[in-house]
Structures are given as C-alpha cells and as structure tokens.
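Structure record follows, encoded as structure tokens.
Residue numbers (the UniProt record's numbering): 1 to 112.
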C-alpha cells in the first residue's frame, strides 16, 4: 500500500527472523521430525502444509534449522516423490480454474 504523504510504496508484511540456531523451546529431535514429515506426507499433505503443521502443532519453527535440508529433500531421500513439483501443480490448478471461469463467463473481458 502506498504512503500518504510520499511517493514510496513501503514494504509491509512479516519477515522470518535471521537465525542460525534453533530456539530452546523448539522440538529439535531429528529422528522424530523426519518421522513426522514422512507420516504427514503419507497422510496426503503437501510440503507447504507439512511445514505449517510442524510449526503450529509440533513446535518446529523451521525444518531447515533442525534437519539441515528442505522438506522436499527429506521426502525424496525416503522415496516419497511426486511426478510434478508442488509449485508447478499449483500453477496448473490455477490455470485450469481460470480456463473454467472463462468458459463459463464468456463476456468477462478483463481476464482474457
């Protein structure tokens, strides 16, 4: 959102704090975190939702600080992979939704 009395647009939003060590209150047991990641993936959760669940329910604020690698690398190491990357699938779902919208609403010229 723009500033009222200046030309700048500002930068709003939250940013993750810079930290190289995990907090004392966080769950930092590597075997337990990896087991949770595999269980959540087998339950059908995406990598983004796995990270959110670990943060909110299991007190793991950042998997990379605890494990030293990303959730997708942990899943590929455990032979749990998808045919397409998650971000590409999200873009494909979004494109299909837009195509369906344009087929149903042919006079919506702003989305052409």
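Don't be surprised by glycine CBs; every beta carbon is placed ideally from N, CA and C.
Enumerate in chain order the residues of its own chain whose CB-to-CB distance from residue 74 is below 7 Å, with the five nearest sequence positions on each side excluded. On the chain shown, position 74 is the one that residue 74 refers to. Counting only Cβ-Cβ distances below 7 Å, and skipping sequence neighbours, we find 34, 37, 67.
For the alpha helix (DSSP H) that contains residue 90, what are its first and last residues? The residue you call residue 90 lines up with position 90 of the chain shown. Unbroken alpha helix (DSSP H) run through residue 90: 86-104.
Look up residue 34 in the DSSP assignment and say whether it is helix, strand or coil. Reading the chain shown from its first residue, position 34 is the one you call residue 34. Three-state result, residue 34: helix.
Would you say residue 61 and residue 55 are within 8 Å of each other, going by their C-beta atoms? Residue 61 sits at position 61 when you count from the first residue of the chain shown. Residue 55 sits at position 55 when you count from the first residue of the chain shown. Yes, the Cβ-Cβ distance between residue 61 and residue 55 is below 8 Å.
Segment limits, alpha helix (DSSP H) that includes residue 66: Translated into positions along the chain shown, residue 66 becomes position 66. Taken as a continuous stretch (DSSP letters only), the alpha helix (DSSP H) holding residue 66 covers 63-67.
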